[in-house]
Amino acid sequence: MVSERVDATEPVALSASFLLAVRRDDPTEELATTLADLDSETLATSLDTDDARTAFWVNIYNATTQRALAEDPGRYESRRQFFSSPLVTVAGNSLSLNDIENEILRRSHSLLTMGYIRTPGPFRDGFVETHAPDERDPRIHFALNCAADSCPPIAAYTREEVDSQLDLATRGYLDEHVTYNPDARGRFGGLRGSGRALVPRVMLWFRGDFGGRRGIVEMLRRYEQIPSDADPRLSYREWDWSFDPADYTEAAYADAAHENR
Numbered sequence: 152m153v154s155e156r157v158d159a160t161e162p163v164a165l166s167a168s169f170l171l172a173v174r175r176d177d178p179t180e181e182l183a184t185t186l187a188d189l190d191s192e193t194l195a196t197s198l199d200t201d202d203a204r205t206a207f208w209v210n211i212y213n214a215t216t217q218r219a220l221a222e223d224p225g226r227y228e229s230r231r232q233f234f235s236s237p238l239v240t241v242a243g244n245s246l247s248l249n250d251i252e253n254e255i256l257r258r259s260h261s262l263l264t265m266g267y268i269r270t271p272g273p274f275r276d277g278f279v280e281t282h283a284p285d286e287r288d289p290r291i292h293f294a295l296n297c298a299a300d301s302c303p304p305i306a307a308y309t310r311e312e313v314d315s316q317l318d319l320a321t322r323g324y325l326d327e328h329v330t331y332n333p334d335a336r337g338r339f340g341g342l343r344g345s346g347r348a349l350v351p352r353v354m355l356w357f358r359g360d361f362g363g364r365r366g367i368v369e370m371l372r373r374y375e376q377i378p379s380d381a382d383p384r385l386s387y388r389e390w391d392w393s394f395d396p397a398d399y400t401e402a403a404y405a406d407a408a409h410e411n412r
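The numbering of the sequence shown is the numbering used here, which starts it at 152 and goes up by one.
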């Protein structure tokens, strides 16, 4: 059983304990209260690197999603309301999943502009600027689990290993969800020298996070999904929004071998 007596001056460990308690169906009330009662200045001092901030907020996002749906699976029937309603309180700020992903982790870059334009709003007296990572990391899209069947598996991220953990999560997701056909024909039957790559839908929705088409191709090369000299045409997989509350928790953690590495 995860201990609820976690040092509040180490928020990343607290966030991991919160996530693991949700996974194991342990009581979470005291952990949630500790998160809510965190001092904002203490939180900012403790989350002193982008690695720490990213690990903390990814854990909080995934724990909050699972906790909310365990309490009421019916919430998922109205996804827009589910993602936009406050579900967790951190340092006195009531946050929705959209707040965590799009305002904090993505630094207020609008989903409507595919992540190309930053549209900061009047968000809680500078909370985003204080607690968000300095830079966006597109690999979070292979770590955040919103409960859809197409979402990646969940892991507990740590400040010390989050970079390697995100690399492993990204490689694992791309290995499963990228298909490369070097012989595919281009538009109107013409040939494009490097074929076609079918890639995850999140690379379209958050195209700006990845650095546009060029950034996506570079990521595919880096994670050995295409040859190092390939420059394929990109197509995007459909996203499977289906959610089965009966097996959500088990499926969410399936094959998450990197969790304990």
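We put the CB at the ideal spot given by N, CA and C, even for glycine.
Check                                                                                                                                                                       : Outcome
So the candidates are Val239, Pro162, Glu192; which of them puts its Cα closest to the Cα of Asp202?                                                                        : Pro162
Taking the alpha-carbon positions, what's the Asp223 to Asp334 distance?                                                                                                    : 47 Å
Ignore the nearest five residues each way along the sequence and tell me which others in Glu410's own chain have a CB closer than 7 Å to its CB.                            : With a pLDDT of only 44 at Glu410, under the threshold of 50, the placement of this residue in the model should not be trusted, and no figure is reported.
Determine the burial state of Ala172: buried for a count of at least 16 other Cβ atoms within 10 Å of its Cβ, exposed for fewer.                                            : buried
Just the Cα atoms here: how many angstroms apart are Arg347 and Arg388?                                                                                                     : 12 Å
Could you pull the DSSP bridge partners for His328 from this structure?                                                                                                     : Looking at the DSSP assignment, His328 forms no beta bridge with any residue, so it has no partner.
Mind checking Leu146: buried by the 16 CB within 10 Å criterion, or exposed?                                                                                                : An answer regarding residue 146 cannot be provided, because it is not within the stretch 152 to 412 covered by the chain.
Can you give me the Cβ contacts of Arg147 inside the same chain, cut-off strictly under 6 Å, excluding the 5 residues immediately before and after it?                      : The structure shown does not extend to residue 147, since the chain spans only 152 to 412, so no value can be given for it.
Would you mind reading off the limits of the beta strand (DSSP E) that contains Ser386?                                                                                     : 384-387
Compare the beta carbon distance of Pro303 and Phe293 with 9 Å and say whether it is the shorter of the two.                                                                : yes
Can you look up Ala408 in the DSSP assignment and give me helix, strand or coil?                                                                                            : Model confidence at Ala408 stands at a pLDDT of 40, short of 50, so the residue's coordinates are unreliable; what they give is reported in the following sentence. Note: Ala408 maps to helix in three-state DSSP.
Hey, out of Arg310, Thr309, Pro289, Val313, whose CA is closest to Leu414's CA?                                                                                             : The question about residue 414 has no answer here: the residues shown for the chain are numbered 152 through 412.
Trp356: which of Glu369, Leu263, Thr309 sits nearest, CA to CA?                                                                                                             : Leu263
Within 10 Å of its beta-carbon, does Gln232 have 16 or more other beta-carbons around it, so buried, or fewer, so exposed?                                                  : exposed
I'd like to check one pair, Ser301 with Pro351: are the Cβ atoms closer than 9 Å?                                                                                           : yes
Quick one: Cα of Ala403 to Cα of Pro237, how far?                                                                                                                           : 22 Å
What does a CB cutoff of less than 7 Å around Leu189 pick up in its chain, not counting 5 residues either side in sequence?                                                 : Ala159, Pro162, Val241, Ala242
Going residue by residue through the segment 188-246, where are the continuous beta strand (DSSP E) segments of at least 3 residues, counting only ones entirely within it? : 239-241, 244-246
Please tell me whether Leu349 and Asn332 are closer than 9 Å, where the distance is taken between their beta carbons.                                                       : yes
What is the DSSP secondary structure of Leu319, reduced to helix, strand or coil?                                                                                           : helix
According to DSSP, Leu349 sits in a beta bridge with which residue or residues?                                                                                             : Thr330, Ser386
Just reading off the alpha helix (DSSP H) that Ser168 is part of, what are its end residues?                                                                                : 162-174
Look up Gly341 in the DSSP assignment and say whether it is helix, strand or coil.                                                                                          : Low confidence applies to Gly341: its pLDDT is 48, below 50, so where it sits in the model is not reliable, and the reading given next is rough at best. Looking at Gly341 - three-state DSSP - the assignment turns out to be coil, as it is neither helix nor strand.
For Ser166, which residues from the same chain have a beta carbon less than 6 Å from its beta carbon, with the 5 sequence-adjacent residues on both sides left out?         : Phe207, Asn210, Ile211
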